[in-house]
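So for the sequence shown, full-length UniProt numbering puts the first residue at 1; every next one is plus one.
The structure appears below as structure tokens.
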Amino acid sequence: MSRKREHEPEKENGERWMLTYLDLITLLMIFFVVLYSMSKVDTQKFQAVAESLNKALSGSTPAKIEISTNPVGPSLIQTGSPPEKTPNTNTPPDANVNAGQTNGNVERMSLEAIKAKLDKFAADNGIQTTLVTSIEERGLVVSIQETLLFESGSADITARARDILEKVSTVLAAAPNQIKVEGHTDNLPIRTPQFPSNWELSVIRSTNVVQILQRDGIPPSRLSATGYGEYRPISSNDTDAGRGKNRRIDLIILHTKYEVTEPQ
């Protein structure tokens, strides 16, 4: 009987490293071919390809390849700090400021034109002492004293006052600005079933004026009514003349910059 030959240990294949090396070279070649051939890529897809190649090459968690946020152009990989943006020298830095000043000047001229028309109307009708206009920080203020609009202690607008407000509405309707109607009284108390205090009297008066302005063509979206009672005097309440100035209706044609505080 023939003896079985003992198994000889297999010789270690010294050329196995060549397979790994060739795989590495092949992957690198594919990687750079992809980079070269892509002139415009989807950043998310390219990131996925880069991570897959990193894993295949390293066999472990790869370092993240940074992709430029703008994949169009000669460089797809962010290799340095991003280029600084060149300032647009075509637009002057103070262009917006100048535009704002221009708009403000145009609006002021518009309010001054309205003021001139109302002043002429008041002078032509002999009411320049009871219908007074002024331009303030918040806009054009048209102050109409109580005697021109109401009987004492009443919120009912007189027939003559309706004609005056109709003429005022015609002038104010030409501008798109918001109009606040503010009612004011003196500090003499009033206690009637209809008006328990000056608050109610001032509010109802301003509301009645708003209704007249709306009826005469001013959109209600431009109007608001407020009553301040005796708490916003413009003169002393110690004299009859001072109290007469405090009993008034103010129409404020607001500058557009203050319209942001008005509810839309």
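Where is the CB? At the ideal position from N, CA and C, for every residue including glycine.
Fair warning: this is a prediction, and the values are worked out from it, not measured in the lab.
| Asked | Found |
| --- | --- |
| For the segment 231-238 against the segment 213-220, do three or more pairs of beta-carbon atoms, one drawn from each stretch, fall closer than 8 Å, so that the two count as touching? | no |
| Can you tell which of I135, L172, I164, E51 has its C-alpha closest to the C-alpha of F150? | I164 |
| Can we say the segment 191-209 touches the segment 132-142, given the rule of at least three CB pairs closer than 8 Å? | no |
| Taking only three categories from DSSP, how would you classify S252? | Here residue 252 is Ile; the residue named in the question, Ser, does not match the sequence. DSSP places I252 in strand when its eight states are reduced to three. |
| Rounded to a whole number of angstroms, what is the C-alpha to C-alpha distance between V106 and A173? | 17 Å |
| What residue from E136, E259, T261, L131 has the CA that sits closest to E146's CA? | L131 |
| Under a Cβ-count criterion, where at least 16 other Cβ atoms within 10 Å of its own Cβ denotes burial, should V181 be classed as buried or exposed? | buried |
| For the putative contact between I179 and I252, defined by C-beta atoms under 8 Å, what is the C-beta separation to the nearest angstrom? | 7 Å |
| Would DSSP call A225 helix, strand or coil? | strand |
| How is L188 classed by DSSP in three states: helix, strand or coil? | coil |
| Can you have a look at E230 and say buried or exposed, based on whether 16 or more other CB atoms are within 10 angstroms of its CB? | buried |
| Where does R222 land, buried or exposed, given buried means 16+ other C-beta within 10 angstroms? | buried |
| If you follow the beta strand (DSSP E) that I144 is in, where does it begin and where does it stop? | 139-145 |
| Quick one: Cα of T256 to Cα of N177, how far? | 6 Å |
| For D23, is the classification buried or exposed, using 16 other Cβ atoms within 10 angstroms of its Cβ as the cut-off for buried? | exposed |
| Does the Cβ of P206 have 16 or more other Cβ atoms within 10 Å, making it buried, or fewer, making it exposed? | The sequence shown places Ser at residue 206, not Pro. Counting Cβ neighbours within 10 Å, S206 comes out buried, since at least 16 surround it. |
| Considering E136, what are the terminal residues of the beta strand (DSSP E) in which it resides? | 131-136 |
| Are the Cβ atoms of A155 and N208 separated by less than 9 Å? | yes |
| If I follow the unbroken alpha helix (DSSP H) through L201, where does it start and stop? | 198-215 |
| Determine the direct distance from the alpha carbon of L111 to that of L258, and round the result to whole angstroms. | In the sequence on display, residue 258 carries Tyr and not Leu. Roughly 14 Å separates the two Cα atoms. |
| So which of Y21, N246, V33 has the shortest CA-CA distance to G183? | N246 |
| Would you kindly work out how many angstroms separate the C-alpha atoms of K117 and S169, rounded to a whole number? | 12 Å |
| Assuming R243 contacts L188 (C-beta within less than 8 Å), just tell me the rounded distance between them. | 7 Å |
| Report buried or exposed for A241, applying the criterion of at least 16 other Cβ atoms within 10 angstroms of its Cβ. | exposed |
| Who are the near neighbours of N70 in its chain, counting only those whose CB is closer than 8 Å to its CB and skipping five residues on each side? | Bear in mind that the predicted position of N70 carries a pLDDT of just 46, short of 50, making it too unreliable to give a figure here. |
| Could you check if D124 is buried or exposed, using at least 16 other CB atoms within 10 Å of its CB as the buried criterion? | exposed |
| Under a three-way DSSP split, which group does F183 fall into? | Sequence inspection shows Gly at residue 183; the Phe mentioned does not correspond to that position. In the structure shown, G183 sits in a strand (DSSP, three-state: E or B). |
| Expressed to the nearest angstrom, what Euclidean distance is found between the alpha-carbon atoms of E262 and A122? | 30 Å |
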